[in-house]
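Following: one structure in C-alpha coordinates, then a few remarks.
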Amino acid sequence: ALKYHWYQKPSVIYYGLGLNYQDCINYHKKHKLPTPLSPSRPSSLLLFVHWVRDCLCQWCNFYELNVFKPLSVPYDTMLYLYDSHTFQQRELAEDEEQDVINILKQELPCLKNQELSWF
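Quick note: the sequence shown uses full-length UniProt numbering, first residue 1, plus one each step.
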(Lines of atoms letter the chains of each structure in order from A and count residues from 1; the text may use other names and numbers.)
(Lines give C-alpha, C1' and ligand atoms only; values in the text may rest on other atoms or scores of the structure.)
Protein backbone atom coordinates (compact mmCIF):
# COMPACT_ATOMS: atom_id res chain seq x y z
CA ALA A 1 0.00 0.00 0.00
CA LEU A 2 1.26 3.43 -0.94
CA LYS A 3 1.60 5.82 2.01
CA TYR A 4 1.88 9.54 1.87
CA HIS A 5 5.25 10.85 3.02
CA TRP A 6 3.55 12.91 5.74
CA TYR A 7 1.56 10.00 7.17
CA GLN A 8 2.33 9.00 10.75
CA LYS A 9 0.75 5.96 12.29
CA PRO A 10 -1.29 6.93 15.39
CA SER A 11 0.32 6.38 18.77
CA VAL A 12 -0.52 3.17 20.55
CA ILE A 13 -2.45 3.43 23.81
CA TYR A 14 -3.11 0.51 26.13
CA TYR A 15 -6.17 -0.65 28.07
CA GLY A 16 -5.25 -2.15 31.40
CA LEU A 17 -4.23 -1.78 35.01
CA GLY A 18 -1.16 -0.36 36.73
CA LEU A 19 1.43 -2.37 38.63
CA ASN A 20 4.52 -1.47 40.57
CA TYR A 21 7.61 -3.64 40.56
CA GLN A 22 7.14 -4.39 44.25
CA ASP A 23 3.69 -5.84 43.47
CA CYS A 24 5.32 -8.25 41.02
CA ILE A 25 8.05 -9.19 43.49
CA ASN A 26 5.43 -9.84 46.20
CA TYR A 27 3.40 -12.03 43.83
CA HIS A 28 6.57 -13.83 42.81
CA LYS A 29 7.45 -14.61 46.44
CA LYS A 30 3.90 -15.60 47.40
CA HIS A 31 3.71 -18.14 44.56
CA LYS A 32 7.33 -19.29 44.92
CA LEU A 33 8.16 -18.67 41.29
CA PRO A 34 11.73 -19.40 40.10
CA THR A 35 14.36 -16.89 41.16
CA PRO A 36 16.63 -15.41 38.47
CA LEU A 37 20.24 -16.56 38.65
CA SER A 38 21.35 -13.02 39.51
CA PRO A 39 18.37 -11.42 41.29
CA SER A 40 20.25 -8.17 41.91
CA ARG A 41 20.81 -7.53 38.19
CA PRO A 42 18.52 -4.88 36.66
CA SER A 43 17.37 -7.31 33.97
CA SER A 44 16.07 -9.65 36.69
CA LEU A 45 13.33 -7.16 37.52
CA LEU A 46 11.97 -7.63 34.01
CA LEU A 47 12.06 -11.40 34.49
CA PHE A 48 9.95 -11.02 37.65
CA VAL A 49 7.39 -8.95 35.74
CA HIS A 50 7.21 -11.36 32.80
CA TRP A 51 6.98 -14.44 35.02
CA VAL A 52 4.08 -12.85 36.89
CA ARG A 53 2.43 -12.03 33.56
CA ASP A 54 2.90 -15.62 32.39
CA CYS A 55 1.27 -16.96 35.58
CA LEU A 56 -1.64 -14.54 35.24
CA CYS A 57 -2.15 -15.57 31.61
CA GLN A 58 -2.51 -19.17 32.75
CA TRP A 59 -4.84 -18.29 35.64
CA CYS A 60 -7.06 -16.22 33.33
CA ASN A 61 -6.69 -18.48 30.30
CA PHE A 62 -6.13 -15.25 28.38
CA TYR A 63 -2.77 -15.30 26.65
CA GLU A 64 -3.10 -11.84 25.10
CA LEU A 65 -2.36 -10.26 28.49
CA ASN A 66 0.84 -8.27 28.26
CA VAL A 67 2.97 -5.62 29.97
CA PHE A 68 4.51 -2.34 28.93
CA LYS A 69 6.32 0.56 30.56
CA PRO A 70 4.08 3.64 30.74
CA LEU A 71 5.56 7.08 30.15
CA SER A 72 3.96 9.15 32.88
CA VAL A 73 1.60 7.37 35.21
CA PRO A 74 2.15 6.52 38.88
CA TYR A 75 2.98 2.88 38.08
CA ASP A 76 6.19 1.14 37.10
CA THR A 77 4.49 -1.04 34.52
CA MET A 78 1.07 -1.72 33.01
CA LEU A 79 -0.69 -5.02 32.64
CA TYR A 80 -2.87 -4.59 29.58
CA LEU A 81 -5.59 -6.55 27.84
CA TYR A 82 -5.76 -4.58 24.61
CA ASP A 83 -4.06 -1.83 22.68
CA SER A 84 -5.61 0.78 20.43
CA HIS A 85 -4.33 -0.85 17.24
CA THR A 86 -5.63 -4.37 17.87
CA PHE A 87 -8.50 -4.19 20.37
CA GLN A 88 -11.14 -4.79 17.71
CA GLN A 89 -9.60 -8.18 16.91
CA ARG A 90 -8.72 -9.12 20.50
CA GLU A 91 -11.59 -7.75 22.57
CA LEU A 92 -13.27 -10.34 24.79
CA ALA A 93 -16.99 -10.68 25.31
CA GLU A 94 -18.11 -8.56 28.26
CA ASP A 95 -18.59 -11.51 30.65
CA GLU A 96 -15.24 -13.06 29.67
CA GLU A 97 -13.47 -9.73 30.17
CA GLN A 98 -15.07 -9.41 33.61
CA ASP A 99 -13.89 -12.93 34.50
CA VAL A 100 -10.32 -11.98 33.53
CA ILE A 101 -10.50 -8.77 35.58
CA ASN A 102 -11.89 -10.64 38.61
CA ILE A 103 -9.06 -13.18 38.44
CA LEU A 104 -6.44 -10.44 38.10
CA LYS A 105 -7.85 -8.58 41.10
CA GLN A 106 -8.02 -11.79 43.12
CA GLU A 107 -4.43 -12.74 42.30
CA LEU A 108 -3.04 -9.21 42.73
CA PRO A 109 -4.83 -7.42 45.59
CA CYS A 110 -3.08 -4.17 44.60
CA LEU A 111 -5.47 -4.05 41.60
CA LYS A 112 -8.70 -4.25 43.64
CA ASN A 113 -9.31 -0.49 43.71
CA GLN A 114 -8.41 0.10 40.07
CA GLU A 115 -10.65 0.24 37.05
CA LEU A 116 -9.40 -0.59 33.56
CA SER A 117 -8.19 2.56 31.82
CA TRP A 118 -6.54 3.64 28.59
CA PHE A 119 -2.89 4.64 29.12
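Virtual Cβ for every residue (Gly too), placed ideally from N, Cα, C.
* Asked: Can you name the residues that DSSP bridges to residue 66?
  -> 80
* Are three or more beta carbon pairs between the segment 74–84 and the segment 51–66 nearer than 8 Å? -> yes
* To do: Report the option in 40, 95, 118, 54 whose CA atom is closest to the CA atom of residue 33.
  => 54
* To do: May I ask which residues mark the beginning and end of the beta strand (DSSP E) holding residue 116?
  => Segment: none, residue 116 is in no beta strand (DSSP E) and carries neither H nor E.
* To do: Give the single residue among 20, 37, 106 whose Cα lies nearest to the Cα of residue 74.
  => 20
* Length of the line joining the Cα atoms of residue 18 and residue 114 -> 8 Å
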